[in-house]
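Heads up, the thing below is written out as structure tokens.
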């Protein structure tokens with residue numbers, strides 16, 4: 176892939192899916208299984224490569240993922 180092309184960092188594909196996951200932190204939240212951390216997951220629809228983003232809107236996340 177040339178430097179001026181954008182897309183998935185692994186395969187160059189430009190279509191993505193966006194999902195959300197929740198995870199536990201450390202300490203008491205881990206002990207009581209309280210899922211207090213939220214992340215957006217941007218995944219390539221071709222190869223499945225995924226990146227996690229915290230605290231950004233979905234439009235910005237896709238821009239970061241695709242370059």
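In this note's numbering, the protein residues as written are 176 to 242.
We treat Cβ as the ideally placed atom computed from N, Cα and C, and that holds for glycine.
In this text, all values refer to a predicted model and were calculated from it rather than measured experimentally.
Straight-line Cα distance separating residue j from residue i
| i | j | result |
| --- | --- | --- |
| residue 224 | residue 202 | 30 Å |
| residue 218 | residue 212 | 19 Å |
| residue 227 | residue 220 | 15 Å |
| residue 183 | residue 193 | 14 Å |
| residue 188 | residue 199 | 32 Å |
Opposing strand residues paired with residue i [DSSP bridges]
| i | result |
| --- | --- |
| residue 191 | 219 |
| residue 198 | 212 |
| residue 228 | 215 |
For residue i, the nearest candidate out of the options (CA to CA)
| i | options | result |
| --- | --- | --- |
| residue 195 | 222, 221, 188, 216 | 216 |
Residue i burial status per 10 Å Cβ neighbour count (16 or more: buried)
| i | result |
| --- | --- |
| residue 191 | buried |
| residue 222 | exposed |
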